[in-house]
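> Input: one structure, supplied below.
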Amino acid sequence: AQSVTQPDIHITVSEGASLELRCNYSYGATPYLFWYVQSPGQGLQLLLKYFSGDTLVQGIKGFEAEFKRSQSSFNLRKPSVHWSDAAEYFCAVGAVPGGSYIPTFGRGTSLIVHP
Amino acid sequence: DVKVTQSSRYLVKRTGEKVFLECVQDMDHENMFWYRQDPGLGLRLIYFSYDVKMKEKGDIPEGYSVSREKKERFSLILESASTNQTSMYLCASSLGRGSSSGANVLTFGAGSRLTVL
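Written out as structure tokens, the structure reads:
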């Protein structure tokens with residue numbers, strides 16, 4: 169069964185600093201990988217996705233993520249954090265054809281941004 | 005813009021009441037999902053549906069049921085609400101299995117925060 173681990177429950181950064189949120193997955197083949205963001209009181213919004221090809225993917229709001237097969241990781245990065253980036257971030261792994269098509273979500277990482 | 009709309013953002017109910025949470029999507033998506041979100045536990049899948057009148061149990065179906073009479077609408081039902089069902093409920097939808105990449109991309113509603121007293 170597929171699984172996702174987000175080892176950091178909370179991350180605190182200063183505005184303007186760089187950010188990296190960690191995500192490790194377990195899956196028997198090359199998975200589909202996602203990052204979603206949830207602003208306070210809202211549903212989840214897709215930030216970016218990886219299906220195949222270039223392992224560095226660009227998303228909305230200046231975020232990027234890199235798929236590293238050897239490390240089973242899909243870490244989310246941003247070079248300079250803005251106060252509006254404070255939110256909950258969820259990594260998810262989906263299934264390729266033949267699977268259940270139901271993404272599995274990590275438990276989330278809460279990002280706190282200090283002025 | 006495509007949307008998943010959850011009819012109630014905030015509900016307060018009493019123990020034992022029957023609760024309906026409604027979700028409507030306007031994207032002609034085949035798949036619809038109900039998740040429960042609790043602090044520290046992330047998203048847990050309650051039920052999902054691949055088609056009209058079709059439903060499958062997720063990871064935590066106990067105490068819940070669902071209904072999908074029309075493609076665009078997926079309802080979550082708490083037959084007899086209990087205090088441990090106080091939570092944020094998220095509805096989501098995605099394309100059908102004919103598009104494996106699309107089927108994995110979920111569009112979420114804004115959530116329904118339920119408090120059971």
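Protein chains in written order, with my numbering: chain C, 169 to 283; chain A, 5 to 121.
Don't be surprised by glycine CBs; every beta carbon is placed ideally from N, CA and C.
Quick one: which residues of the segment 213-246 of chain C get their C-beta closer than 8 Å to a C-beta of chain A? List them in chain order.
Gln213, Leu214, Lys217, Phe219
> Take Cys95 of chain A as the anchor and find which of A:Asp32, A:Leu49, A:Leu15 has the nearest alpha-carbon.
A:Leu49
> Apply the 10 Å Cβ neighbour rule to Asn2 of chain A and answer buried if 16 or more other Cβ atoms are within range, or exposed otherwise.
Residue 2 of chain A lies beyond the range of chain A shown here (5 to 121); nothing can be said about it.
> Kindly list, in the order they appear in chain A, the residues whose Cβ is closer than 9 Å to that of Gly196 of chain C.
Within 9 Å Cβ-Cβ: nothing; Gly196 of chain C doesn't reach chain A, min ~16 Å.
> Which bits of chain C does Leu94 of chain A rub up against, with CB to CB less than 8 Å?
Simply Gly211, Leu212.
> Is Ile286 of chain C helix, strand or coil by DSSP?
Limits of chain C in this structure are 169 at one end and 283 at the other, which puts residue 286 of chain C out of reach.
> Please report how far the alpha carbon of Met31 of chain A lies from the alpha carbon of Gly211 of chain C, in whole angstroms.
17 Å
> When DSSP labels each residue in this structure, what does Gln206 of chain C get in the three-state scheme?
Gln206 of chain C: strand per DSSP, three-state reduction.
> What residues in its chain sit with their C-beta under 7 Å from that of Leu224 of chain C, if we drop five residues either side in the sequence?
Exclusion of the five residues before and after Leu224 of chain C leaves Glu232, Glu234 as the residues of its chain whose Cβ lies within less than 7 Å of its Cβ.
> Which residues in chain A have a C-beta closer than 8 Å to the C-beta of Arg315 of chain C? List them in chain order.
An answer regarding residue 315 of chain C cannot be provided, because it is not within the stretch 169 to 283 covered by chain C.
> Of the choices A:Pro65, A:Ala114, A:Thr119, whose alpha-carbon is the least far from that of Ser11 of chain A?
Taking each of A:Pro65, A:Ala114, A:Thr119 in turn and checking the Cα distance to Ser11 of chain A, the smallest one comes out for A:Ala114.
> Applying a beta-carbon distance threshold of less than 8 Å, which residues of chain C neighbour Leu49 of chain A?
Correct list: Ile270.
> So, for Thr87 of chain A: in the same chain, excluding its five sequence neighbours on each side, which residues have a beta-carbon less than 7 Å away from its beta-carbon?
Thr19, Val120
> Can you list, in chain order, the residues of its chain whose CB lies under 6 Å from that of Gln29 of chain A, leaving out five sequence neighbours each side?
Val8, Glu76, Ser97
> So with CB distances below 8 Å, who are the chain C contacts of Leu45 of chain A?
Within chain C, the residues placing a beta-carbon under 8 Å from that of Leu45 of chain A are Arg275, ordered along the chain.
> Give me the Cα-Cα distance between Arg72 of chain A and Leu99 of chain A, rounded to the nearest whole angstrom.
16 Å
> Please name the residue or residues paired with His178 of chain C in a DSSP beta bridge.
C:Ser278
> Indicate whether at least one CB of chain A lies closer than 8 Å to the CB of Tyr200 of chain C.
yes
> From the DSSP output, in three-state form, read off Gly230 of chain C for me.
helix
> Have a look at Gly62 of chain A and Tyr51 of chain A and give me their C-alpha separation to the nearest angstrom.
5 Å
> Residues in the same chain with beta-carbon distance under 6 Å from Lys74 of chain A, minus the five sequence neighbours each way, listed in chain order, please.
none
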